[in-house]
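Let me begin by presenting the structure, written as structure tokens, before commenting on it.
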């Protein structure tokens, strides 16, 4: 940054203005991050399981010609994100996780449903008697009578700053049937 | 060309200093205004637009060598009255002495 040759002709002045306006934009972005640090992103949500069934399902995917346990759930989901979208939130990615323990694995986590909500979209998700979006398969035949905990997680995608992955505090537990329904 | 000599005028040193200060002031003010406006609108896009407009205004104010940046021209040094000796020019070696 020599003081002699910074502003001496048209192109170097254009260069200085471009560089400085990008610096100003970068500072604004940093201030955007700082100004929203104290604002939490916490959608209000409520959900309940209406029905749980268990199925002895031929596994066509892995080619083992085996039978796996498949749980079929029906659930209500109501999420209100009206207060969550401040000016540093570009997108919220919601996903519903079922977690259970059996003899084979201590931790089993399966994503049942997800949704991308952009800023400006309808911030209220109200779904009744929903099927799982993704198959709730076990990796064996150890799902009978499993005590399953459902919880809502969300990723916040900001314009600038951190990418928090938050687990909602509210959980519900449901016990899967102790025998196959069909 | 056609016997017309056209030269883009250049800023003098005082003008360059003034131009540098001016672009800092303009870009800084538009940055602050853009942040506040974006905060009010709850939209960082608005901040970006205000900064972009500030950048264009700064370009228009500071980039061309307006007369305000040419108020302190340096005086030309007095022309040398000495004439070169014809012999030295013919040799083409003693030019370094000038």
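Protein chains in written order, with our numbering: chain C, 165 to 346; chain E, -12 to 85. Each residue gets a CB set at the ideal place from its N, CA and C atoms; glycine is no exception.
Beta-carbon gap between residue i and residue j smaller than 9 Å
{"i": "residue 277 of chain C", "j": "residue 299 of chain C", "result": "no"}
{"i": "residue 184 of chain C", "j": "residue 293 of chain C", "result": "no"}
{"i": "residue 306 of chain C", "j": "residue 230 of chain C", "result": "no"}
{"i": "residue 174 of chain C", "j": "residue 52 of chain E", "result": "yes"}
{"i": "residue 59 of chain E", "j": "residue 0 of chain E", "result": "yes"}
{"i": "residue 41 of chain E", "j": "residue 21 of chain E", "result": "yes"}
{"i": "residue 31 of chain E", "j": "residue 252 of chain C", "result": "yes"}
{"i": "residue 321 of chain C", "j": "residue 245 of chain C", "result": "no"}
{"i": "residue 228 of chain C", "j": "residue 344 of chain C", "result": "no"}
{"i": "residue 170 of chain C", "j": "residue 7 of chain E", "result": "yes"}
{"i": "residue 369 of chain C", "j": "residue 243 of chain C", "result": "Residue 369 of chain C is absent from the structure shown; chain C starts at 165 and stops at 346."}
{"i": "residue 257 of chain C", "j": "residue 239 of chain C", "result": "no"}
{"i": "residue 314 of chain C", "j": "residue 262 of chain C", "result": "yes"}
{"i": "residue 181 of chain C", "j": "residue 14 of chain E", "result": "yes"}
{"i": "residue 342 of chain C", "j": "residue 309 of chain C", "result": "yes"}
{"i": "residue 200 of chain C", "j": "residue 325 of chain C", "result": "yes"}
{"i": "residue 346 of chain C", "j": "residue 223 of chain C", "result": "no"}
DSSP beta-bridge partners of residue i
{"i": "residue -1 of chain E", "result": "According to DSSP, residue -1 of chain E bridges with nothing at all."}
{"i": "residue 329 of chain C", "result": "C:319"}
{"i": "residue 221 of chain C", "result": "C:232"}
{"i": "residue 208 of chain C", "result": "C:244"}
{"i": "residue 280 of chain C", "result": "C:257"}
{"i": "residue 336 of chain C", "result": "C:314"}
{"i": "residue 294 of chain C", "result": "C:239"}
{"i": "residue 301 of chain C", "result": "C:234"}
{"i": "residue 215 of chain C", "result": "C:238"}
{"i": "residue 12 of chain E", "result": "Paired residues: none, contrary to the question."}
Classification of residue i by the beta-carbon crowding that lies within 10 angstroms, buried from 16 upward
{"i": "residue 335 of chain C", "result": "exposed"}
{"i": "residue 25 of chain E", "result": "buried"}
{"i": "residue 34 of chain E", "result": "buried"}
{"i": "residue 166 of chain C", "result": "Only weak support is given to the placement of residue 166 of chain C: the predicted model assigns it a pLDDT of 48, under 50, and the question is left unresolved by the model."}
{"i": "residue 207 of chain C", "result": "buried"}
{"i": "residue 192 of chain C", "result": "buried"}
{"i": "residue 247 of chain C", "result": "exposed"}
{"i": "residue 286 of chain C", "result": "exposed"}
{"i": "residue 61 of chain E", "result": "exposed"}
{"i": "residue 316 of chain C", "result": "buried"}
{"i": "residue 10 of chain E", "result": "buried"}
{"i": "residue 63 of chain E", "result": "exposed"}
{"i": "residue 290 of chain C", "result": "exposed"}
{"i": "residue 81 of chain E", "result": "At residue 81 of chain E, the pLDDT of 48 sits below 50, so the modelled position is not reliable; the number obtained from the coordinates is stated separately. With fewer than 16 Cβ atoms within 10 Å of its Cβ, residue 81 of chain E is classed as exposed."}
{"i": "residue 237 of chain C", "result": "buried"}
{"i": "residue 68 of chain E", "result": "exposed"}
N- and C-terminal bounds of the beta strand (DSSP E) containing residue i
{"i": "residue 232 of chain C", "result": "231 to 244"}
{"i": "residue 56 of chain E", "result": "Premise fails: residue 56 of chain E is in no beta strand (DSSP E) and is neither H nor E."}
{"i": "residue 270 of chain C", "result": "From DSSP, residue 270 of chain C is part of no beta strand (DSSP E); its letter is neither H nor E."}
For residue i, the first and last residue of its enclosing alpha helix (DSSP H)
{"i": "residue 174 of chain C", "result": "174 to 199"}
{"i": "residue 256 of chain C", "result": "Unbroken run through residue 256 of chain C is the beta strand (DSSP E), 253 to 264; no alpha helix (DSSP H)."}
{"i": "residue -9 of chain E", "result": "Careful: residue -9 of chain E lies outside any alpha helix (DSSP H) and carries neither H nor E."}
{"i": "residue 36 of chain E", "result": "31 to 49"}
Near-chain C residues of the region 14 to 27 of chain E - C-beta to any C-beta below 8 Å
Against chain C - using a Cβ distance shorter than 8 Å - the residues of the region 14 to 27 of chain E are 14, 15, 17, 18, 21, 22, 25 and 26.
Under 7 Å (Cβ pairs) to chain E, residues found in the region 267 to 287 of chain C:
Residues passing the 7 Å Cβ filter: none.
For the region 31 to 47 of chain E, enumerate the residues whose C-beta is nearer than 8 Å to any C-beta of chain C, in chain order.
Identification of residues in the region 31 to 47 of chain E having a C-beta nearer than 8 Å to some C-beta of chain C yields 31, 34, 35, 38, 39, 41, 42, 45 and 46, given in sequence order.
Within 8 Å of chain E by C-beta, residues of the region 228 to 253 of chain C in sequence order:
Listed by position along the chain: 250, 251 and 252.
Anything in the region 195 to 213 of chain C with a Cβ closer than 8 Å to a Cβ of chain E? List those residues in chain order, please.
Shown in chain order are the members of the region 195 to 213 of chain C whose Cβ falls below 8 Å from a Cβ of chain E: 195, 196 and 199.
Please list the residues of the region 313 to 333 of chain C that have a C-beta atom closer than 7 Å to any C-beta atom in chain E, keeping them in chain order.
Going along the region 313 to 333 of chain C in chain order, one finds 323 with a Cβ nearer than 7 Å to chain E.
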